[in-house]
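Visitor:
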Amino acid sequence: MKNKILILFIVMFAMPGISQAQGRIMNAMEGQTSARNAGMGNAMMGNSSEMFLYDNLAAFSFSNRKFDAGVSTEIYPNSEVGRLRQYNLSSAYKFSGDRAVMAGFRYLGGTSIPAFNRNDDGRMIKPYEWTIDVGYSFFVIKNVVAYVSSSFFKSSVGNCNAHGVAFSAGMAYNKDLKLFKKKSLLNVGVRLMDVGKSVKFSEKGLSYDLPTSVVMGGELETELCNGHSLAYALSGRYFTTKEAHELLIGTGAEYSFKKMLFARVGYQYCREAADQLTMGIGAKYKRFKLNIAYGHAFSDYGVDRMTVSLGVEF
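Here the sequence shown stands for residues -21 to -1, 1 to 293, where the numbers follow mature numbering (1 follows the signal peptide of the UniProt record, and there is no 0).
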(Lines of atoms letter the chains of each structure in order from A and count residues from 1; the text may use other names and numbers.)
(Lines give C-alpha, C1' and ligand atoms only; values in the text may rest on other atoms or scores of the structure.)
Protein backbone atom coordinates (compact mmCIF):
# COMPACT_ATOMS: atom_id res chain seq x y z
CA MET A 1 0.00 0.00 0.00
CA LYS A 2 2.82 2.39 0.86
CA ASN A 3 4.32 1.94 -2.59
CA LYS A 4 0.97 2.59 -4.28
CA ILE A 5 0.47 5.80 -2.33
CA LEU A 6 4.03 6.85 -3.11
CA ILE A 7 3.47 6.29 -6.82
CA LEU A 8 0.30 8.37 -6.63
CA PHE A 9 2.21 11.24 -5.01
CA ILE A 10 4.96 11.11 -7.62
CA VAL A 11 2.45 11.15 -10.48
CA MET A 12 0.59 14.07 -8.91
CA PHE A 13 3.87 15.93 -8.46
CA ALA A 14 4.73 15.39 -12.11
CA MET A 15 1.34 16.30 -13.57
CA PRO A 16 1.87 20.07 -13.88
CA GLY A 17 4.87 19.39 -16.14
CA ILE A 18 3.58 16.26 -17.84
CA SER A 19 3.99 17.71 -21.32
CA GLN A 20 7.71 17.59 -20.61
CA ALA A 21 8.34 14.96 -17.98
CA GLN A 22 5.82 12.16 -18.62
CA GLY A 23 6.03 11.12 -14.96
CA ARG A 24 9.75 10.29 -14.98
CA ILE A 25 11.53 10.70 -11.68
CA MET A 26 13.75 13.78 -11.17
CA ASN A 27 11.80 16.20 -13.32
CA ALA A 28 14.23 18.88 -12.14
CA MET A 29 16.78 17.37 -14.51
CA GLU A 30 14.41 17.94 -17.43
CA GLY A 31 13.21 21.45 -16.61
CA GLN A 32 14.25 24.24 -18.99
CA THR A 33 16.84 26.44 -17.33
CA SER A 34 17.49 28.82 -20.24
CA ALA A 35 14.85 31.37 -21.24
CA ARG A 36 16.70 31.83 -24.54
CA ASN A 37 16.34 28.15 -25.37
CA ALA A 38 12.75 28.14 -24.14
CA GLY A 39 11.85 30.86 -26.62
CA MET A 40 13.42 28.90 -29.49
CA GLY A 41 11.38 25.71 -29.16
CA ASN A 42 13.54 24.41 -26.30
CA ALA A 43 16.29 23.69 -28.83
CA MET A 44 19.59 22.66 -27.25
CA MET A 45 23.28 22.31 -28.11
CA GLY A 46 23.46 25.62 -29.96
CA ASN A 47 25.31 28.86 -29.31
CA SER A 48 24.10 29.09 -25.71
CA SER A 49 24.40 32.44 -23.97
CA GLU A 50 23.36 31.41 -20.44
CA MET A 51 23.01 28.41 -18.13
CA PHE A 52 25.83 26.64 -19.96
CA LEU A 53 26.10 23.85 -17.40
CA TYR A 54 22.62 22.56 -18.22
CA ASP A 55 22.81 22.83 -21.99
CA ASN A 56 26.07 23.19 -23.89
CA LEU A 57 29.15 23.63 -21.70
CA ALA A 58 31.27 24.00 -24.83
CA ALA A 59 29.52 27.25 -25.79
CA PHE A 60 31.15 28.94 -22.81
CA SER A 61 34.58 27.64 -23.79
CA PHE A 62 34.10 28.89 -27.36
CA SER A 63 33.04 32.36 -26.17
CA ASN A 64 35.31 35.21 -25.08
CA ARG A 65 33.75 35.27 -21.61
CA LYS A 66 35.92 34.80 -18.55
CA PHE A 67 33.04 34.45 -16.07
CA ASP A 68 29.29 33.97 -16.35
CA ALA A 69 26.60 33.60 -13.71
CA GLY A 70 22.83 33.53 -13.87
CA VAL A 71 19.58 32.63 -12.20
CA SER A 72 16.37 31.47 -13.83
CA THR A 73 12.93 30.19 -12.98
CA GLU A 74 10.37 28.10 -14.83
CA ILE A 75 6.81 28.82 -13.68
CA TYR A 76 3.75 26.64 -14.26
CA PRO A 77 0.08 27.64 -13.91
CA ASN A 78 -1.56 27.55 -10.52
CA SER A 79 -3.44 24.31 -9.77
CA GLU A 80 -5.43 22.67 -7.00
CA VAL A 81 -2.20 21.46 -5.40
CA GLY A 82 -0.33 24.75 -5.78
CA ARG A 83 1.99 26.32 -8.33
CA LEU A 84 4.96 24.27 -9.46
CA ARG A 85 8.18 26.26 -9.90
CA GLN A 86 11.74 25.40 -10.76
CA TYR A 87 14.62 27.63 -9.64
CA ASN A 88 18.07 27.39 -11.18
CA LEU A 89 21.49 28.84 -10.46
CA SER A 90 24.50 28.38 -12.72
CA SER A 91 28.02 29.81 -12.89
CA ALA A 92 31.02 29.28 -15.15
CA TYR A 93 34.66 30.33 -14.87
CA LYS A 94 37.45 30.03 -17.44
CA PHE A 95 40.72 29.63 -15.55
CA SER A 96 42.88 29.20 -18.65
CA GLY A 97 42.51 29.67 -22.36
CA ASP A 98 41.23 26.16 -22.94
CA ARG A 99 39.67 24.97 -19.67
CA ALA A 100 36.58 25.96 -17.71
CA VAL A 101 34.76 24.83 -14.58
CA MET A 102 31.07 25.25 -13.79
CA ALA A 103 28.76 24.79 -10.82
CA GLY A 104 25.03 25.07 -10.32
CA PHE A 105 21.93 24.20 -8.33
CA ARG A 106 18.36 23.31 -9.31
CA TYR A 107 15.25 23.12 -7.13
CA LEU A 108 11.75 22.00 -8.11
CA GLY A 109 8.80 22.37 -5.74
CA GLY A 110 5.79 24.43 -4.78
CA THR A 111 2.97 21.89 -4.57
CA SER A 112 1.15 20.68 -1.44
CA ILE A 113 -0.62 17.32 -1.47
CA PRO A 114 -2.95 16.01 1.28
CA ALA A 115 -1.47 13.07 3.19
CA PHE A 116 -3.93 10.20 2.82
CA ASN A 117 -3.70 8.32 6.11
CA ARG A 118 -6.00 6.54 8.54
CA ASN A 119 -6.17 9.45 10.95
CA ASP A 120 -7.06 11.97 8.24
CA ASP A 121 -5.23 14.62 10.25
CA GLY A 122 -5.06 17.10 7.38
CA ARG A 123 -1.29 16.92 7.12
CA MET A 124 0.11 18.17 3.82
CA ILE A 125 3.01 16.67 1.89
CA LYS A 126 5.23 19.05 -0.07
CA PRO A 127 7.25 17.10 -2.66
CA TYR A 128 10.48 18.61 -3.91
CA GLU A 129 13.59 17.77 -5.89
CA TRP A 130 17.02 19.37 -6.00
CA THR A 131 20.34 18.82 -7.70
CA ILE A 132 23.87 20.07 -7.05
CA ASP A 133 25.84 20.11 -10.29
CA VAL A 134 29.44 20.58 -11.39
CA GLY A 135 31.05 20.50 -14.83
CA TYR A 136 34.39 20.75 -16.62
CA SER A 137 35.12 21.57 -20.27
CA PHE A 138 38.34 21.59 -22.30
CA PHE A 139 39.54 21.99 -25.88
CA VAL A 140 40.43 18.77 -27.68
CA ILE A 141 41.61 20.61 -30.78
CA LYS A 142 41.07 24.19 -32.00
CA ASN A 143 37.37 23.91 -32.90
CA VAL A 144 36.33 20.97 -30.72
CA VAL A 145 35.48 21.05 -27.02
CA ALA A 146 34.68 18.05 -24.82
CA TYR A 147 33.05 18.23 -21.40
CA VAL A 148 31.81 16.18 -18.48
CA SER A 149 29.42 16.99 -15.64
CA SER A 150 28.01 15.33 -12.56
CA SER A 151 24.92 15.83 -10.40
CA PHE A 152 24.12 14.84 -6.85
CA PHE A 153 20.35 14.78 -6.48
CA LYS A 154 17.54 14.21 -4.01
CA SER A 155 13.83 13.59 -4.53
CA SER A 156 11.53 13.83 -1.51
CA VAL A 157 7.85 12.92 -1.12
CA GLY A 158 6.81 13.18 2.52
CA ASN A 159 8.93 10.80 4.59
CA CYS A 160 10.12 8.96 1.48
CA ASN A 161 13.40 10.09 -0.03
CA ALA A 162 15.62 8.99 -2.88
CA HIS A 163 19.06 10.30 -3.75
CA GLY A 164 21.93 9.42 -6.02
CA VAL A 165 24.50 10.60 -8.54
CA ALA A 166 24.17 11.15 -12.29
CA PHE A 167 26.80 11.80 -14.94
CA SER A 168 26.82 13.52 -18.33
CA ALA A 169 29.34 13.91 -21.15
CA GLY A 170 29.37 15.68 -24.47
CA MET A 171 31.32 17.22 -27.31
CA ALA A 172 30.75 20.21 -29.59
CA TYR A 173 32.17 21.74 -32.76
CA ASN A 174 32.35 25.46 -33.50
CA LYS A 175 33.28 27.05 -36.83
CA ASP A 176 33.31 30.54 -38.34
CA LEU A 177 32.23 30.46 -41.98
CA LYS A 178 30.66 32.42 -44.83
CA LEU A 179 27.04 31.91 -45.86
CA PHE A 180 25.99 33.81 -48.99
CA LYS A 181 29.00 36.04 -48.35
CA LYS A 182 27.71 36.81 -44.88
CA LYS A 183 29.74 36.18 -41.74
CA SER A 184 28.26 33.16 -39.94
CA LEU A 185 28.90 30.95 -36.93
CA LEU A 186 28.06 27.25 -36.75
CA ASN A 187 27.73 25.25 -33.52
CA VAL A 188 26.86 21.55 -33.42
CA GLY A 189 27.06 19.11 -30.53
CA VAL A 190 25.98 15.89 -28.89
CA ARG A 191 25.50 15.08 -25.21
CA LEU A 192 24.62 12.02 -23.15
CA MET A 193 22.76 13.29 -20.10
CA ASP A 194 21.89 12.04 -16.60
CA VAL A 195 23.30 8.53 -16.63
CA GLY A 196 23.11 6.76 -13.28
CA LYS A 197 21.80 3.86 -11.26
CA SER A 198 18.08 3.54 -10.61
CA VAL A 199 16.94 4.74 -7.18
CA LYS A 200 14.45 3.62 -4.52
CA PHE A 201 12.41 5.59 -2.02
CA SER A 202 12.66 2.71 0.47
CA GLU A 203 14.66 -0.52 0.78
CA LYS A 204 11.71 -2.67 -0.29
CA GLY A 205 10.25 -0.16 -2.71
CA LEU A 206 10.18 -0.06 -6.46
CA SER A 207 13.19 1.09 -8.48
CA TYR A 208 12.92 4.21 -10.62
CA ASP A 209 15.18 4.98 -13.57
CA LEU A 210 16.77 8.38 -14.02
CA PRO A 211 15.69 10.49 -17.03
CA THR A 212 18.72 9.48 -19.11
CA SER A 213 18.67 11.10 -22.54
CA VAL A 214 20.73 11.66 -25.67
CA VAL A 215 20.73 15.13 -27.25
CA MET A 216 21.97 16.15 -30.69
CA GLY A 217 21.61 19.62 -32.12
CA GLY A 218 23.13 22.80 -33.36
CA GLU A 219 22.71 26.42 -34.34
CA LEU A 220 23.66 28.60 -37.29
CA GLU A 221 23.94 32.35 -36.77
CA THR A 222 24.35 34.77 -39.68
CA GLU A 223 25.04 38.50 -39.64
CA LEU A 224 22.68 40.25 -42.04
CA CYS A 225 23.58 43.96 -42.10
CA ASN A 226 24.02 47.00 -39.88
CA GLY A 227 23.91 45.12 -36.59
CA HIS A 228 21.08 42.80 -37.59
CA SER A 229 21.60 39.04 -37.29
CA LEU A 230 19.52 35.89 -37.47
CA ALA A 231 20.07 32.51 -35.81
CA TYR A 232 18.37 29.17 -36.44
CA ALA A 233 18.53 26.26 -33.98
CA LEU A 234 17.45 22.62 -34.21
CA SER A 235 17.85 19.71 -31.78
CA GLY A 236 16.48 16.30 -30.91
CA ARG A 237 16.38 14.73 -27.45
CA TYR A 238 15.52 11.10 -26.82
CA PHE A 239 14.77 9.78 -23.33
CA THR A 240 15.85 6.17 -22.91
CA THR A 241 13.90 5.44 -19.69
CA LYS A 242 12.35 1.98 -20.04
CA GLU A 243 8.83 2.89 -18.94
CA ALA A 244 8.75 6.43 -20.33
CA HIS A 245 10.40 6.73 -23.73
CA GLU A 246 10.05 10.17 -25.26
CA LEU A 247 11.32 12.05 -28.29
CA LEU A 248 11.51 15.85 -28.27
CA ILE A 249 12.38 17.84 -31.38
CA GLY A 250 12.86 21.56 -30.88
CA THR A 251 13.45 24.22 -33.48
CA GLY A 252 13.45 27.99 -33.41
CA ALA A 253 14.86 31.26 -34.65
CA GLU A 254 16.30 34.36 -33.02
CA TYR A 255 16.50 37.88 -34.43
CA SER A 256 19.12 40.12 -32.86
CA PHE A 257 19.67 43.87 -33.14
CA LYS A 258 23.21 44.92 -32.27
CA LYS A 259 23.41 42.02 -29.80
CA MET A 260 21.32 44.13 -27.45
CA LEU A 261 17.69 43.32 -28.29
CA PHE A 262 16.38 39.87 -29.18
CA ALA A 263 13.12 38.36 -30.45
CA ARG A 264 12.57 34.60 -30.59
CA VAL A 265 10.01 32.08 -31.81
CA GLY A 266 10.02 28.29 -31.95
CA TYR A 267 8.15 25.01 -31.91
CA GLN A 268 8.68 21.80 -29.96
CA TYR A 269 7.36 18.45 -31.12
CA CYS A 270 6.74 15.81 -28.44
CA ARG A 271 5.98 12.27 -29.53
CA GLU A 272 4.12 11.29 -26.35
CA ALA A 273 3.22 14.63 -24.78
CA ALA A 274 1.89 17.99 -25.94
CA ASP A 275 3.56 20.03 -28.66
CA GLN A 276 4.44 23.62 -27.83
CA LEU A 277 4.57 26.95 -29.60
CA THR A 278 7.20 29.12 -27.94
CA MET A 279 8.14 32.77 -28.09
CA GLY A 280 10.50 35.02 -26.22
CA ILE A 281 12.30 38.33 -25.94
CA GLY A 282 15.63 39.37 -24.50
CA ALA A 283 17.81 42.35 -23.75
CA LYS A 284 21.48 42.83 -22.95
CA TYR A 285 23.06 45.97 -21.54
CA LYS A 286 26.79 46.02 -21.00
CA ARG A 287 27.42 42.91 -18.85
CA PHE A 288 23.83 42.22 -17.84
CA LYS A 289 21.23 40.15 -19.70
CA LEU A 290 17.52 39.41 -19.24
CA ASN A 291 15.47 36.85 -21.15
CA ILE A 292 11.77 35.96 -20.96
CA ALA A 293 9.97 33.14 -22.76
CA TYR A 294 6.48 31.66 -22.89
CA GLY A 295 5.44 28.22 -24.11
CA HIS A 296 1.87 27.38 -25.14
CA ALA A 297 0.86 23.70 -25.15
CA PHE A 298 -1.50 22.39 -27.84
CA SER A 299 -3.55 19.80 -25.94
CA ASP A 300 -5.84 19.51 -22.94
CA TYR A 301 -3.21 17.61 -20.95
CA GLY A 302 -0.43 20.02 -21.87
CA VAL A 303 0.56 22.90 -19.61
CA ASP A 304 1.71 26.39 -20.53
CA ARG A 305 4.81 27.72 -18.81
CA MET A 306 6.92 30.84 -18.47
CA THR A 307 10.70 30.98 -18.16
CA VAL A 308 12.64 34.00 -16.94
CA SER A 309 16.42 34.30 -16.65
CA LEU A 310 18.78 37.01 -15.45
CA GLY A 311 22.55 36.88 -15.82
CA VAL A 312 25.86 38.70 -15.79
CA GLU A 313 29.07 38.06 -17.72
CA PHE A 314 32.66 39.29 -17.73
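Note that the Cβ used here is the ideal one computed from N, Cα and C, for glycine as well.
So what does DSSP say about Gly290, is it helix, strand or coil?
Guide: The sequence position of residue 290 within the sequence shown is 311, counting from 1. Gly290 falls in the strand class under three-state DSSP.
Visitor: For a quick check, are the C-beta atoms of Asn270 and Glu29 less than 9 angstroms apart?
Guide: By 1-based counting over the sequence shown, the position of residue 270 is 291. By 1-based counting over the sequence shown, the position of residue 29 is 50. Cβ atoms of Asn270 and Glu29: closer than 9 angstroms.
Visitor: Quick one: complete beta strand (DSSP E) runs, 3+ long, within the stretch 89 to 134?
Guide: Runs found: 107 to 120.
Visitor: For Thr257, which of Tyr246, Phe218, Val291 has the nearest alpha-carbon?
Guide: Indexing the sequence shown from 1 puts residue 257 at position 278. Out of Tyr246, Phe218, Val291, Tyr246 has the C-alpha closest to the C-alpha of Thr257.
Visitor: Kindly indicate which three-state DSSP category Asp243 falls into: helix, strand or coil?
Guide: The sequence position of residue 243 within the sequence shown is 264, counting from 1. As written in the sequence, residue 243 is Arg, which differs from the Asp given in the question. Strand at Arg243.
Visitor: State buried or exposed for Lys268, treating a residue as buried only when at least 16 other CB atoms are found within 10 Å of its CB.
Guide: Along the sequence shown, read from residue 1 onward, the residue named residue 268 stands at position 289. Classification for Lys268: buried.
Visitor: Around the Cβ of Pro106, are there at least 16 other Cβ atoms within 10 angstroms (buried) or fewer (exposed)?
Guide: What you label residue 106 is simply residue 127 of the sequence shown in a count that begins at 1. With 16 or more other Cβ atoms within 10 Å, it is buried.
Visitor: In chain order, what residues of the same chain lie with their CB nearer than 6 angstroms to the CB of Arg102, ignoring the 5 residues before and after it?
Guide: Residue mapping note: residue 102 aligns to position 123 of the sequence shown, counting from 1. Cβ within range, chain order: Ala94.
Visitor: Rank Leu171, Ser181, Ser27, Thr191 by C-alpha distance to the C-alpha of Cys139 and give the top, closest one.
Guide: Counting from 1 along the sequence shown, the entry for residue 139 is found at position 160. The shortest Cα separation from Cys139 among Leu171, Ser181, Ser27, Thr191 belongs to Ser181.
Visitor: Give the straight-line distance between the Cα atoms of Asp155 and Gly175, rounded to the nearest whole angstrom.
Guide: Here residue 155 is taken as the residue at index 176 of the sequence shown, counted from 1. Here residue 175 is taken as the residue at index 196 of the sequence shown, counted from 1. If I take the Cα positions, the gap works out to 36 angstroms.
Visitor: In the structure shown, what three-state DSSP assignment does Gly18 receive?
Guide: If you number the sequence shown from 1, residue 18 lands on position 39. If DSSP states are grouped into helix, strand and coil, Gly18 belongs with the helices.
Visitor: Measuring CA to CA, which of Thr12, Ser13, Gly18 is closest to Ala272?
Guide: Translated into the one-based positions of the sequence shown, residue 272 becomes position 293. Of the candidates Thr12, Ser13, Gly18, the one whose C-alpha sits nearest the C-alpha of Ala272 is Gly18.
Visitor: Please go through the same chain and pick out, in chain order, the residues whose beta-carbon is closer than 6 angstroms to the beta-carbon of Val124, but skip the five residues on each side of it.
Guide: Taking the sequence shown and counting its residues from 1, the one referred to as residue 124 is at position 145. Contacts found: Ala37, Ser40, Ser116, Phe118, Ala151.
Visitor: Taking Ala151 as part of the beta strand (DSSP E), name the residues at either end of that continuous run.
Guide: Within the sequence shown, the letter at position 172 stands for residue 151. Taken as a continuous stretch (DSSP letters only), the beta strand (DSSP E) holding Ala151 covers 139 to 158.
Visitor: Would you list the residues sitting across from Asn166 in a DSSP beta bridge?
Guide: Reading the sequence shown from its first residue, position 187 is the one you call residue 166. Looking at the DSSP assignment, Asn166 forms a beta bridge with Asn153, Glu198.
Visitor: Does the Cβ-Cβ distance between Asn67 and Val50 come in under 9 angstroms?
Guide: Within the sequence shown, numbered from 1, the residue matching residue 67 stands at position 88. Within the sequence shown, numbered from 1, the residue matching residue 50 stands at position 71. Contact flag set, yes.
Visitor: According to DSSP, is Ala252 helix, strand or coil?
Guide: In the sequence shown, counting from the first residue as 1, residue 252 sits at position 273. Coil.
Visitor: Just to confirm my understanding: we take Phe131, look at its own chain, exclude 5 residues before and 5 after, and list those with CB closer than 6 angstroms. What are they?
Guide: The residue given as residue 131 occupies position 152 in the sequence shown. Excluding positions up to five away in sequence, the list reads Ile111, Val144.
Visitor: Rank Leu87, Ser42, Lys263, Asp47 by C-alpha distance to the C-alpha of Lys238 and give the top, closest one.
Guide: Here residue 238 refers to the residue found at position 259 when the sequence shown is read from its first residue. Of Leu87, Ser42, Lys263, Asp47, the residue nearest in Cα terms is Lys263.
Visitor: If you reduce the DSSP assignment to three classes, tell me which class Val282 lands in.
Guide: Taking the sequence shown and counting its residues from 1, the one referred to as residue 282 is at position 303. Coil, per DSSP.
Visitor: In terms of alpha-carbon separation, which member of Glu222, Tyr217, Tyr234 lies closest to Ile228?
Guide: Residue mapping note: residue 228 aligns to position 249 of the sequence shown, counting from 1. Cα-wise, what sits closest to Ile228 is Tyr217.
Visitor: Which one or two residues does DSSP pair with Tyr33 in a beta bridge?
Guide: In the sequence shown, residue 33 corresponds to position 54, counting from 1. Its beta-bridge partners do not exist; DSSP assigns none.
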